[in-house]
Structures are given as C-alpha cells and as structure tokens.
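Trainee: Everything in the sequence shown is counted per the working numbering, starting at 171 for the first residue and increasing by one.
Where is the CB? At the ideal position from N, CA and C, for every residue including glycine.
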Amino acid sequence: MNVLGIESSCDETSAAILSDGNLLSNLVSSQDIHNVFGGVVPELSSRAHLQIILPLVKKALQDSKISLNQIDLVAATAGPGLIGALLVGLTFAKGLSFSLKKPFVAVNHIEGHIFSGFLMNDKPEFPYLCLVVSGGHTLLLLVKSDTEIQKLGSTIDDAAGEAFDKISKLLGLGYPGGPQIQNASLNQRTDFANFPVAQCKNEFDFSFSGLKTSVLRFIQKEYGDASKIPTNDLPLIAAAFQYSAVKALIEKTEKALQNFKVNSISLVGGVAANQMLRDEFQKLSNRYTKKLVIPSLEYCGDNGAMIAYRGLKLHQAGIKYGYDFNAYPSLSDYSFIK
Ligand SMILES: Nc1ncnc2c1ncn2[C@@H]1O[C@H](COP(=O)(O)OP(=O)(O)OP(=O)(O)O)[C@@H](O)[C@H]1O
Ligand SMILES: [Mg+2]
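(1) Where S215 and I203 are concerned, what is the direct C-alpha to C-alpha distance, given to the nearest angstrom?
(2) Strictly closer than 5 Å from CB to any heavy atom of ligand 1: give me those residues in the order they appear in the chain.
(3) Please report the straight-line C-alpha distance between L309 and Q240, rounded to a whole angstrom.
(4) Check whether the region 477-484 touches the region 449-467, taking contact to mean three or more Cβ pairs, one atom from each stretch, closer than 8 Å.
(5) Which residue's Cα is closest to the Cα of G175: S414, D375, A263 and L467?
(6) Taking all protein chains shown into account, decide if F285 is buried (16 or more other Cβ within 10 angstroms of its Cβ) or exposed.
(7) Is the region 186-199 in contact with the region 258-274, if contact means three or more CB pairs nearer than 8 Å?
(8) Per DSSP, what kind of secondary structure is Q369 in: helix, strand or coil?
(9) How big is the Cα-Cα spacing for D375 and N291?
(10) Might you give, ordered along the chain, the residues of its own chain that have their beta carbon closer than 7 Å to the beta carbon of A230, omitting 5 neighbours on each side?
(11) Using only the heavy atoms of ligand 2, determine whether one of them is closer than 7 Å to the beta carbon of H219.
(12) One question on the structure: do V277 and A329 come within less than 8 Å of each other, judged by their Cβ atoms?
(13) Confirm, please, whether the CB-CB distance from I319 to K508 is below 8 Å.
(14) Quick one: give me the first and last residue of the beta strand (DSSP E) that F274 is part of.
(15) Please look up how many angstroms separate the CB atoms of A443 and A408, rounded, as I've assumed it's under 8 Å.
(16) Which class does F374 belong to by DSSP, given the choice of helix, strand or coil?
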C-alpha cells in the first residue's frame, strides 16, 4: 500500500511517501519569507504552498521511484491550522485522489504529531502518555489506541512553542524562537533569574503567559527595556527562561506518570526538538522505567510522513471521507481527542 501524505497547515509544505509501512521520502519545504515579519503571515503562507506543492509531490514520487498511478491512498492535513494554507494541501489532495480514483483521507494535524513516534523503529506501546508541544498546542494525553485519546491537560493560554517564539522576539534573537533560544542557552547557567512555573486548577494543565510576563518584568526592572540588555546577559536570560519552560513541561508530565498506568511515554511536536527537554524526558523515563519514544528531529516539526502514517491508520480503521470534507481551523472540530 503506497500512501502519499501532504502537510500544509502552517509554514511548511511537505510531501511524503509511505510504502507498506516504510517511509520512502519525506520532503519538507520551509518558508523563510516570514522571518522578517517575526511570525507567519497567512496570505504569504498560502501563496508559498501553492508555488511549491506540485514540484514537491513530483520530487517525492521521483525519489521514491513510485509513479503517480501506484499511489493507493492520498492523505492530507485538514486542520487545525491556517485556513488558506490548509486549503492548498487539502484541495490538491482531493483533486489528486479524484483523478486517480483512489481514496482520500483528511488528517488532524495534532493527531499526526501524536502518532509521529510510530515513524521510529522503536515504537510507543499503548497505552502511552503523550506530551504534544508545538507552535500552537500544548497537550498532555493518554493515548489508549489509534482511535481513543484522552485529554488530561492542555495550556490555558500560550502554547510552549509560542512562549519560545515570543521570548526570542523580546530578546531580539529572531524567529522561529525555539532553535534560537536553545542555541543562545547552550552551556549557560540556568539560575541567572528565577522564573516561575505556573500552577493551574487542573494539575495537568499548563500556563506560559505568567512566565512570559515574568521575563518581561525582569527585563524592565533590571535594564529598563529589552534594547538595553548587555550582550553578555542575553544568553543568561534565554537559559533561565528555557529552564523554567522545560521544568513546567516535566513537572506536569511526571504528575501524570504518577497517576496513570502507561506502557510508554512519547514527546512530540516542534518543541520536542529541544535538547534540554529531550534530555529531561530521558531522565524521567529512566526514573519511572518507562519506554520513551521521541521522534528524530525531522519528524518533530511539521512533516508529511506523520500525515501519511495517520492517514493510513484512519483508512485501515475504515473511516471514510467525502470530497465535501472541509478544512477546519481549530483542534476541537474533528478529533479523536476527548
Ligand atoms: N529546539 C527547539 N526548542 C524549542 N522550541 C522549538 C525548537 N525547535 C522548534 N521549536 C518550536 O516549535 C514550534 C513549531 O512546531 P510545529 O511546527 O509543530 O508547530 P505548528 O505546526 O506551527 O503548530 P501546531 O502543530 O500546534 O499546529 C515553534 O514554536 C518553534 O519555535
Ligand atoms: Mg505542527
């Protein structure tokens, strides 16, 4: 079974070919045009997807040595994401599926991330505790099977990735912020400032807006404003922020581990690329002797491979999608997360 997976929910266009469970290609084209704006500009994103999607799919087929009529299933992200961006990939996938007379599957982007650990050789084992940390979401989930996902907690304000992006912007380190904060923090002490970990009413929920404000207040108190931060202090502030953000994610995950019986742990989404977070998850999994699956870096950020994999599972579960299935902006619209 050859599955074509297409991802276009934000600022990455991706096409992947999954053949009998083996990934033959996973091409990701990132849109650098947004960097000067310090964030994704939706209209520019849609146009960039439109320009790249056809050559990207052609190249994915070429690299996989698969011809178009050998495709058995077309899977595309339908949401959540930027509507214009989603429509490009989704409409392309529907058109292709219709012309090939092969089924089409609409995939929830976050479910793509949740199951991205299955792209690794060593796979998660159900039930598993999954922390989704991305640009738009922070979710702590109990994944019981392909179609049963229980939400334990989520962010009540900003997503973890959003906090990295905003602090990076505040410090003048650039966009996307996660990699910049990580690089700036490398080999720095973490106790230059003591930024808080928010406690929420639901013990598995997260909050990052207080942490953001606390970094801002620290800067205002110490330097007046961000433009006056001495160059030597920038990495120290970045490292203290990263430490608190990671601590918050670890603390809630550990609480969940103490409360739910699971066979493994999985850390997924763009922020799962963070080395400090990966290291702390490794320590957590050692402490609780639980198998840990963190996708390799190419499957943490947005990619077509996770969409192809999730699409295949939905298709195998017998779930059918008509061509009237539309793109949707929010996670709550069509999701197995309950
Ligand atoms: N090394 C890193 N450390 C911390 N954060 C990182 C790192 N690398 C990437 N990120 C963050 O990951 C986020 C992007 O992840 P991803 O592409 O999964 O998000 P998205 O698709 O925009 O959002 P969502 O998946 O919620 O729809 C950005 O916020 C980016 O700063
Ligand atoms: Mg994503």
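Mentor: With the structure as the only source:
(1) Sequence index remark: in the sequence shown, residue 215 carries index 45 (1-based). Sequence index remark: in the sequence shown, residue 203 carries index 33 (1-based). Their backbone Cα atoms lie some 8 Å apart in a straight line.
(2) Qualifying residues, in the order they occur: C180, S304, G305, G306, H307, G331, F334, D335, P346, G347, G348, P349, Q352, G439, G440, V441, A443, N444, G471 and D472.
(3) Position 139 of the sequence shown, counted from the first residue, corresponds to residue 309. Position 70 of the sequence shown, counted from the first residue, corresponds to residue 240. Rounded to the nearest angstrom, the two C-alpha atoms are 37 Å apart.
(4) no
(5) Within the sequence shown, the letter at position 5 stands for residue 175. Checked all of S414, D375, A263 and L467; the closest Cα to G175 is A263.
(6) The residue labelled residue 285 in the question sits at position 115 within the sequence shown. When all chains shown are included, F285 counts as buried.
(7) Too few Cβ pairs lie closer than 8 Å, so no.
(8) Position 199 of the sequence shown, counted from the first residue, corresponds to residue 369. Three-state DSSP puts Q369 in coil, outside helix and strand.
(9) The sequence position of residue 375 within the sequence shown is 205, counting from 1. The sequence position of residue 291 within the sequence shown is 121, counting from 1. Cα to Cα, the separation comes out at about 31 Å.
(10) Indexing the sequence shown from 1 puts residue 230 at position 60. Taken in chain order, the residues that qualify are A185, A186, I187, S195 and L197.
(11) If you number the sequence shown from 1, residue 219 lands on position 49. No, the beta carbon of H219 sits no closer than 7 Å to any heavy atom of ligand 2.
(12) Translated into positions along the sequence shown, residue 277 becomes position 107. Translated into positions along the sequence shown, residue 329 becomes position 159. Contact: no.
(13) Residue numbering aside, residue 508 sits at position 338 when the sequence shown is read from its first letter. Residue numbering aside, residue 319 sits at position 149 when the sequence shown is read from its first letter. Result yes, Cβ atoms of K508 and I319 sit closer than 8 Å.
(14) Residue mapping note: residue 274 aligns to position 104 of the sequence shown, counting from 1. Element bounds for F274: F274 to N278.
(15) Here residue 443 is taken as the residue at index 273 of the sequence shown, counted from 1. Here residue 408 is taken as the residue at index 238 of the sequence shown, counted from 1. About 16 Å separates the two Cβ atoms, so there is no contact after all.
(16) Within the sequence shown, residue 374 is the residue found at index 204, counting from 1. The answer is coil: DSSP assigns F374 none of H, G, I, E or B.
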